[in-house]
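Engineer: The numbering of the sequence shown is the working numbering, which starts it at 15 and goes up by one.
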Amino acid sequence: MHQYLFFIGSFPIRAYGLLFMLGIVSAGITGYYIMKRDGRGWHTHIFDFTMYCGLAGIVGGRLWDVFFFDWPYYHNHLLEIPFVWQGGMAIQGGLLFGAIAGIAYTKYHHIDTWAFADLLAPAIILGQSIGRMANLMNGDAFGHPTGGNFGILYPETTLAYHTYGNQPLWPAEVWEGQLDILAFVALLFYSSFPHKKGQVFCLYVMLYAVERFFLEFLRGDYVSLTLGLKSAQMTSVIAFVIAAAVFIYLHFKGSVDEPPQPGTPAPEDKNA
15 MHQYLFFIGS
25 FPIRAYGLLF
35 MLGIVSAGIT
45 GYYIMKRDGR
55 GWHTHIFDFT
65 MYCGLAGIVG
75 GRLWDVFFFD
85 WPYYHNHLLE
95 IPFVWQGGMA
105 IQGGLLFGAI
115 AGIAYTKYHH
125 IDTWAFADLL
135 APAIILGQSI
145 GRMANLMNGD
155 AFGHPTGGNF
165 GILYPETTLA
175 YHTYGNQPLW
185 PAEVWEGQLD
195 ILAFVALLFY
205 SSFPHKKGQV
215 FCLYVMLYAV
225 ERFFLEFLRG
235 DYVSLTLGLK
245 SAQMTSVIAF
255 VIAAAVFIYL
265 HFKGSVDEPP
275 QPGTPAPEDK
285 NA
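1) Is residue 210 helix, strand or coil when you go by DSSP?
2) Out of 30, 255 and 246, which has the shortest C-alpha to C-alpha gap to residue 144?
3) Using 8 Å as the threshold, is the stretch 212-219 in touch with the stretch 251-265, meaning 3 or more CB pairs across them?
4) Could you check whether the stretch 105-115 touches the stretch 171-186, counting it as contact only if at least three pairs of C-beta atoms, one from each stretch, sit closer than 8 Å?
5) Could you pull out every residue in the same chain whose Cβ sits closer than 6 Å to the Cβ of residue 286, ignoring the five residues on either side in sequence?
6) Let me know if residue 199 comes out buried or exposed under the rule of 16 or more other beta-carbons within 10 Å of its beta-carbon.
7) Between residue 289 and residue 205, what straight-line distance do the alpha-carbon atoms span, to the nearest angstrom?
8) Which whole-angstrom value is the C-beta distance of residue 19 and residue 36, which I expect to be below 8 Å?
9) Count the other CB atoms, across all protein chains shown, that sit within 10 Å of the CB of residue 65; report buried if there are 16 or more and exposed otherwise.
10) Only counting runs of 4 or more residues, tell me where the alpha helix (DSSP H) segments fall wholly within the stretch 107-174, in order along the chain.
11) Shortest alpha-carbon distance to residue 196 belongs to which of 137, 153, 166 and 122?
12) Quick check: the Cα distance between residue 110 and residue 91, rounded to an integer number of angstroms?
13) Can you give me the C-alpha to C-alpha distance between residue 71 and residue 182, rounded to a whole angstrom?
14) Which residues mark the beginning and the end of the beta strand (DSSP E) in which residue 54 is found?
15) Contact between the stretch 45-63 and the stretch 121-132 is defined here as three or more beta-carbon pairs at a separation below 8 Å; is this criterion met?
16) In angstroms with no decimal places, state the Cα-to-Cα distance between residue 34 and residue 268.
17) Let me make sure I understand the geometry here. Which of 223, 246 and 224 has the alpha-carbon closest to that of residue 234?
18) Just to confirm the assignment, what range does the alpha helix (DSSP H) spanning residue 261 have?
19) Return the chain-ordered ranges of every alpha helix (DSSP H) run that is complete within the stretch 67-106 and spans a minimum of 4 residues.
20) Between the stretch 139-157 and the stretch 110-120, can you find at least three pairs of beta-carbon atoms closer than 8 Å?
21) Give me whichever residues DSSP pairs with residue 22 in a beta bridge.
22) Reducing DSSP to helix, strand and coil, say where residue 183 ends up.
23) Spatial neighbours of residue 219 within its chain, please: CB distance less than 6 Å, with the 5 preceding and 5 following residues excluded, ordered by chain position.
24) Roughly how many angstroms separate the alpha carbons of residue 248 and residue 151, rounded to a whole number?
25) For residue 135, tell me which candidate among 168, 179, 48 and 125 has the shortest Cα-Cα distance.
26) To which residues of the same chain is residue 68 closer than 6 Å at the C-beta, ignoring the five residues directly before and after it?
27) Would you check if the distance between the CB atom of residue 180 and the CB atom of residue 167 is smaller than 8 Å?
28) Just mark residue 155 as buried or exposed, buried being the case when its beta carbon has 16 or more other beta carbons within 10 Å.
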């Protein structure tokens, strides 16, 4: 793995930043493809939507990591909080802030928020998978020592090495990226069947909450506990319960998502 791909003069091009942005771009392109096939004309919004939600997600991911995971360090290094290129982004905060920006965008443009979220859910989890490649290259979001002669050995320049030295670590970020791909396939499969608006997005939240909860037992980049669970596990439990409750509610009270038939004109955007 290489934290620095190359230098332009003295300016480093970091693998973390490049792959992180590729994750956002890949999510946007995938969302564009899915929405264009859907036929409601929402694909014309996807690049603006991705830009706004991506920026909100970066801010939210950074703040969540700083205040929930790494505050013991950052409260003595406040000027380093904006240094996102060093790594340290929490997906929970990124998803929360991105969701808030997404809801605001769809409401402003009179787009069905639940239906839009359903179409975008597979794209989001795919982008997360690429984001875990960024973590691997940067040596963060790592696992704790395996206790054997198997695992990932990180370079001396990484946080993983500074934390555990030359010990083999569980490939937590690698396995999460792989599970994200399986979730991506599951969401595409589920969305191909009749469902109520919002259920695909709720399923996405539930799938990610489950994988993150169990993978946290292997993570070694922080150990703060609440009621015997890590903060990410507590967040996962809360997110799963809420998403499951909404999923069940939508099953009984929601409306069926019915994409337009081929040849049906796309609805006009009142704010275009």
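Just so you know, even glycine gets a beta-carbon here, dropped at the ideal spot from N, CA and C.
Structural biologist: Working from what's here:
1) strand
2) 30
3) Counting C-beta pairs with one atom in each stretch, the stretch 212-219 and the stretch 251-265 have three or more that are closer than 8 Å, which means they touch.
4) Of all C-beta pairs linking the stretch 105-115 to the stretch 171-186, fewer than three are shorter than 8 Å, placing the two stretches out of contact.
5) Unreliable positioning characterises residue 286 in this predicted model, as indicated by a pLDDT of 49, which lies under 50. The coordinate reading is nonetheless provided below. Its chain contains no residue whose beta carbon lies nearer than 6 Å to that of residue 286 once the 5 sequence neighbours on both sides are disregarded.
6) exposed
7) Since the displayed the chain opens at 15 and closes at 286, residue 289 lies outside it and no answer follows.
8) Contact doesn't hold; Cβ gap of about 12 Å is too wide.
9) exposed
10) 127-152
11) The shortest C-alpha separation from residue 196 is found at 137.
12) 25 Å
13) 32 Å
14) Taken as a continuous stretch (DSSP letters only), residue 54 belongs to no beta strand (DSSP E), as it is neither H nor E.
15) yes
16) 35 Å
17) 246
18) 245-267
19) 85-88
20) no
21) According to DSSP, residue 22 shares a beta bridge with 25.
22) strand
23) Result list for residue 219: 253 and 257, in chain order.
24) 27 Å
25) 48
26) 38
27) Yes. Within cutoff.
28) buried
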